[in-house]
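Structure, as structure tokens:
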Amino acid sequence: MTVYLDLIILDNFAADFALLYLAVKTARGEVKLWRLALTALAGTALAVGYTVFTLYYTLPPAVEIFVKYGVAALLPVFASKYKKKSTLAIAVGAFLAYMFALAGLLTALFSDPQIEEGGGALTYTIGGVPSGVLVACTVLFVAAAKKTVAKIAKRKKILSLVVDCSLFYRENRVRTRAFLDSGNMVTAPDGTFVAVAEKALAVKLLGEHLFTGSTNGIRIPVATVSGKSFMTAFKIDKIEIYCDGTRNIIEDVTLGISPDGVHGEYDLILPFDFVREQK
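Residues are numbered in my numbering as their position in the sequence shown, beginning at 1, plus a constant of 7.
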């Protein structure tokens with residue numbers, strides 16, 4: 008059996024470094040490339056030493072499991088500084104999860120199922136895979152996983168600012184979800200902040216009053232990416248905002264219809280100032 012140590016070293020170092028970086032970023036630990044590199048190098052040395060050792064000696068299954076997975080679980084401990092034990096636990100769990108995911112990905116892409124003669128057992132081999140393929144797959148996996156983690160974190164942050172609310176106009180009531188936007192600085196001529204709604208939501212709330220001329224709509228100038236535009240707005244009776252078990256009531260609200268639509272898991276954008284206790 009021929010063992011190419013240079014390929015083993017390159018493969019293990021690239022995979023360990025990339026996955027350690029991703030695990031630390033996932034746990035929001037302190038990222039220092041030199042520390043990640045030293046930890047990955049230590050993991051590579053252990054992996055190469057273990058590979059060479061198993062060429063000449065056979066270890067009990069329990070020892071093999073400890074060496075393979077126990078040592079792998081220790082790598083994130085030295086890869087960064089963690090302020091909390093929970094952060095360390097997240098980093099360890101993330102590293103093991105990413106490691107198994109990458110191994111499964113490579114097995115699925117490069118496995119070679121063969122039936123052993125006489126035994127009928129199904130075996131899998133990944134022999135002949137170039138070192139560059141593993142490195143490239145590692146980098147691509149890390150890039151995709153990092154982007155996914157960032158999207159999840161962004162979505163979690165957005166959802167933390169999404170609240171349930173009800174809009175009232177005369178006899179009509181519509182319940183929807185709203186996004187509290189600190190950047191929403193659109194104001195009405197009387198100086199009050201404007202709640203910006205999706206067109207379909209406004210039509211549903213105003214109902215038949217929208218076509219009878221009894222809504223007294225106004226035009227409000229707004230700044231857009233393409234320049235200055237105008238937003239049609241109406242006065243509604245009130246908005247009830249349900250946040251943290253409380254009900255905030257904002258009366259005599261100016262409701263504007265977004266000229267570009269409201270995109271997201273909500274149909275209404277509220278000024279952050281609307282979240283306050285009302286007597």
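Note that beta-carbon positions come from the ideal geometry of N, C-alpha and C, so glycine has one too.
Nearest by alpha-carbon distance to residue i: which of the options is it?
i	options	result
V169	A96, R184, F237, E37	R184
A54	I256, N19, L26, T46	N19
D259	L17, Y249, R42, A240	A240
L208	P196, I16, V38, V181	V181
L14	P196, T58, L29	T58
T145	P278, L275, Y273, A21	A21
A152	D280, I16, A25	A25
A96	F107, P83, M106	P83
G111	F148, V78, I264, R254	F148
I16	G56, Y28, R42, V38	G56
F107	F85, T94, S93, Y76	Y76
L27	A150, G198, V203	A150
T94	D274, E37, L262	E37
T199	T253, L277, P266, G214	L277
K211	A195, N179, D244, K242	N179
I243	F60, A98, K90, I225	I225
P228	T194, L40, K39	T194
P266	E205, A49, I257, D23	E205
A47	A80, L66, Y64	A80
A44	E71, I257, N223, A86	A86
D274	V203, R42, P67, Y63	V203
E215	K154, Y176, F186, L262	Y176
L262	T253, G252, K235, N223	N223
R42	K88, V201, Y63, T61	K88
L29	T114, K158, K235, A98	A98
A49	E71, M192, V78	V78
L213	I264, G252, V201, I257	I264
Output the boundary residues of the alpha helix (DSSP H) element that contains residue i.
i	result
T253	That residue, T253, is in no alpha helix (DSSP H); its beta strand (DSSP E) goes 253–264.
Quick one: give me the first and last residue of the beta strand (DSSP E) that residue i is part of.
i	result
A295	With the chain running from 8 to 286 in the structure shown, residue 295 is simply not present.
T183	179–188
V193	Careful: V193 lies outside any beta strand (DSSP E) and carries neither H nor E.
V170	169–176
State yes or no: is the C-beta of residue i nearer than 7 Å to some heavy atom of the ligand NAD?
i	result
V70	Looking for the ligand NAD in the displayed structure turns up nothing, as the structure carries no ligands at all.
Just to check my reading of the structure: residue i and residue j have Cβ atoms closer than 8 Å, yes? What is that Cβ distance to the nearest angstrom?
i	j	result
F237	N255	That pair is no contact at about 29 Å.
L187	F73	Wrong, their Cβ atoms sit about 50 Å apart, outside the cutoff.
D23	T65	With 8 Å as the limit, D23 and T65 do not qualify as a contact, their Cβ atoms being about 25 Å apart.
Are the region 171–178 and the region 244–254 in contact at 8 Å, needing three or more beta carbon pairs? yes
Just to confirm the assignment: which complete alpha helix (DSSP H) runs, minimum length 4, are found wholly within the region 55–94? 68–72, 78–86
Using 8 Å as the cut-off, can you tell me whether the region 33–51 makes contact with the region 95–102, which would need three or more C-beta pairs spanning the two stretches below that distance? yes
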